[in-house]
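Student: Residue numbers for the sequence shown, in our numbering: 3 to 680.
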Amino acid sequence: RLTSPRISSTMIDTIEKKQLAFDRRNLTDAELLDIYEHILRPRLIEEKMLSMLRQGRISKWFSGIGQEAVAVGAALAMQPDEWILPMHRNLGTFTSRNVPMARLFSQFQGRMNGFSKGRERSFHFGTREHRICGMISHLGPQLGVADGIALAHKLKKEQKCTLVFTGDGATSEGDFHESVNTAAVWDLPVIIVVENNGYGLSTPSNEQFKCRYISDKALGYGMESRVVAGNNILEVVHTLREVAESIRRRPRPVLVECMTFRMRGHEEASGTKYVPQELFTAWEKKDPVTNYEQWLLSTGVLGDAEMNAARKRIKGEIAEAVEVAFSEPPVVPDMEAELRDVYSNNTPIVIAPTTPATKEVRFIEAVSDGLRESMRRHPNLILMGQDIADYGGAFKVTDGMMAEFGKDRVRNTPLCESAILGAGLGLSIAGMKSMVEMQFADFVSEGMTQICNNLAKAHWRWGQNADVVVRMPTGAGAGAGPFHSQSNEAWFFKIPGLKIVYPAFPNDAKGLLCAALEDPDPVMYFEHKMLYRSLSGQVQEGFFTLPIGEAALLREGTDLTIVTYGMGVHWALETLAEHPGISADLIDLRTLLPWDREKVLESVRRTGKAIVLHEDTLTGGIGGEIAATINEECFEQLDAPVMRIGSVDTAVPFAVELEQAFLPKARFKEALVKLKAY
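1) Check whether the Cβ of Leu595 sits closer than 7 Å to any heavy atom of the ligand MG, and report yes or no.
2) Under DSSP, the beta strand (DSSP E) around Lys512 begins and ends at which residues?
3) Assuming the contact rule is C-beta atoms closer than 8 Å, Met440 and Val472 should be a hit. Round their C-beta distance to whole Å, please.
4) Please tell me whether Gly128 and Trp464 are closer than 8 Å, where the distance is taken between their beta carbons.
5) If you draw a straight line from the C-alpha of Ile497 to the C-alpha of Cys454, how long is it?
6) Measuring only the C-alpha atoms, how far is Ala152 from Val192?
7) Keeping to the same chain, check which residues put their C-beta closer than 8 Å to that of Pro355; ignore five residues upstream and five downstream.
8) Enumerate in chain order the residues of its own chain whose CB-to-CB distance from Phe107 is below 6 Å, with the five nearest sequence positions on each side excluded.
9) Grouping DSSP H, G and I as helix and E and B as strand, with all else coil, what is Gly222?
10) Less than 8 Å separating the beta-carbons of Leu257 and Ala220?
11) Going by DSSP, which residues form a beta bridge with Asp590?
12) Does the Cβ of Phe656 have 16 or more other Cβ atoms within 10 Å, making it buried, or fewer, making it exposed?
13) Would the region 20-28 count as touching the region 54-67 if we require 3 or more Cβ pairs under 8 Å?
14) For a test of the three-state rule: what should DSSP assign to Lys667, helix, strand or coil?
15) If you draw a straight line from the C-alpha of Val412 to the C-alpha of Met437, how long is it?
16) With DSSP collapsed to three states, give me the class of Arg228.
17) Around the C-beta of Cys213, are 16 or more other C-beta atoms found within 10 angstroms, so that it is buried, or is it exposed?
18) Leu595 bridges to which residues according to DSSP?
19) To the nearest angstrom, report how far apart Leu429 and Lys162 are at their CA atoms.
20) Short of 6 Å in beta carbon distance, which residues of its chain neighbour Tyr680, apart from the five on each side in sequence? Order them along the chain.
21) Can you tell me where the beta strand (DSSP E) with Ala482 in it begins and where it stops?
22) Restricting to runs no shorter than 3 residues, where is the beta strand (DSSP E) found entirely within the region 600-668?
23) Can you tell me the Cα-Cα spacing of Lys501 and Leu514, whole angstroms?
24) Taking 8 Å as the threshold (C-beta atoms), are Met89 and Gly169 in contact?
25) With 16 other CB atoms within 10 Å as the buried threshold, where does Tyr534 fall?
26) Can you list, in chain order, the residues of its chain with a C-beta nearer than 6 Å to that of Met645? Leave out the 5 residues immediately preceding and following it.
27) From Ala312 to Glu39, what does the alpha carbon distance come to, in whole angstroms?
28) Work out the CA separation of Met337 and Ala478 for me, nearest whole Å.
29) Check this for me: beta carbons of Ala307 and Met261, under 8 Å apart or not?
30) So, using beta-carbon positions, are Pro475 and Lys512 closer together than 8 Å?
31) Considering only their Cβ atoms, is the gap separating Ala586 from Gly559 smaller than 8 Å?
32) With which residues is Ile194 paired in a DSSP beta bridge?
33) Tell me the start and end of each unbroken alpha helix (DSSP H) in the region 36-78 that is at least 4 residues and wholly inside, in chain order.
34) Short check: CB of Val101 to CB of Val238, under 8 Å?
35) Do you know offhand how far Val291's Cα is from Trp493's?
36) So which of Ser272, Phe125, Met114, Asn115 has the shortest CA-CA distance to Phe96?
If you want it as structure tokens, here you go:
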């Protein structure tokens, strides 16, 4: 069994000695030479990149010089079909995974032959072929994604391991805590490699955390840890192979801290003036490439002629790859392709009901039915959320599902929204589906980075879909105050790559939830809490879907058009019932992103007047975008200004009297009468 000892000064002395003490163990000469080529290649690429930077041929570079042993050793320790989630300074991971060099340089130059069609920089890309998951600049969220991939391995009983990199600075982020804690609680087969190079950009470790070594943190999570001489390629390979083999046999997370040093700036423009010169002097003696090369020469495994030949050959390969990349034409903008790649699926999924039978159910039961039918249809669908297993969720939507589908598929999570949303992406990378329940929509703010920067952008960035549905119990009316009542759909409305669904009726709730779980793209699925048990309706039995992106015309009229969604639909129906003299088109958007522009515009062109209603606060609400679009597209047909009605621009108050005044229902009635008379 691996252990998690407290790091003592004696142990650190031993690790320091190991930086320069190579132990081949059972490695053959051929294997030692193979490792040599793997660690030499990124160093020579780095030298070429720095040369081109000085020449002005490239504009920016994040150097990993001094840290090559960690990236290369990690790649060589893992099996080719196991995922690695690298960071800025892990060039050796890509080269050791045999990513074609010409494509790497094309990626660095923003050419179409790269991995992101010119949309991403340097190492912010992934490749399914090479089992490398693209990073984002926020650093910590990679760990949650690794949790999801590792969870998929565990659920499938694949005896596989996932490896994720993070830096010493990133261990201060909340994502580190959430993801490491989740990995520990769920016994996930993941290696967390911390590259401790002493600095987060310019901030030294002693200003980042109080403990002396990051591996000490593992004890707090009940995790095993190892500390490795990160500049000794053989120590890294031996340790990570040992850890990975152990994890494959008995799934669990292990934190491996690699002691290393960054010999260049955070990126070249930042320089290194903030680092004491004595540190450079000390670590220069521990250079991972030079020392390994000299050891091979001293043992006779490598000869001078072989060394020179290898360097010449690799430099030639690099020079050829550079010229191939630089000979490629600049990317020609194609806005249709840019928009098309925002989603992996641009066609609504419509699956007819399996039976004509319907039954009268409440809104909450329709949501529950949609989940249950989808769980039966997709054995690879995993439900995750706080208290959703034994307890059945805060609103009992998942009540009884653990008994039917088991605790592996209906999973209680720690209170860590970000890590679990990241795990949803990881599950998708591993070919699975997930539903993540926010206990209240308000709490989603803890996971905004994962949703807006990881889930939403994954397909556009590197062709990786995010098959994740985030369920969002939302809305006011229960006197629950400002942190359990917000309408926050507009937070996500401006994020390309997301889809937003917001049903108003039980049958729509079921059909659209089934569609969301069928859709390979990330869907934010809003459910108004006040409709859960107050609204019933006929719902089709069995599995079926309704098209995401298609609004419903609930009533037809000639005087004006009402555009709304969610609770606003019921306020509009009530108001129209009270004013039979108003003849109105009533459009229930049902999907907010992408919203049904054509249905709305066609209606307004016919009626000549429009009013947009939503429960969200007025300023910055979705109504502003819809009203602006109507104004731009239907100006010549309008007989009155487009009106917007929303809640008051405050937080949601607690007292019932204040909450009712905050909500827009009464103001909508006044505005509708005014618009009719305009």
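Even for Gly, the Cβ is constructed at its ideal location relative to N, Cα and C.
Tutor: In short, the structure shows the following:
1) Looking for the ligand MG in the displayed structure turns up nothing, as the structure carries no ligands at all.
2) Careful: Lys512 lies outside any beta strand (DSSP E), inside the alpha helix (DSSP H) at 508-520.
3) 6 Å
4) yes
5) 6 Å
6) 6 Å
7) Gln542, Glu543, Gly544, Phe545, Phe546
8) Ala323, Val324, Ala327
9) helix
10) yes
11) Ala554, Thr566
12) exposed
13) no
14) helix
15) 10 Å
16) strand
17) exposed
18) Ile502
19) 14 Å
20) Ala642
21) No beta strand (DSSP E) holds Ala482; DSSP gives it neither H nor E.
22) 612-619, 645-649
23) 12 Å
24) yes
25) buried
26) Ile613, Ala673, Leu677
27) 7 Å
28) 40 Å
29) no
30) no
31) yes
32) Val166, Leu257
33) none
34) no
35) 48 Å
36) Phe125
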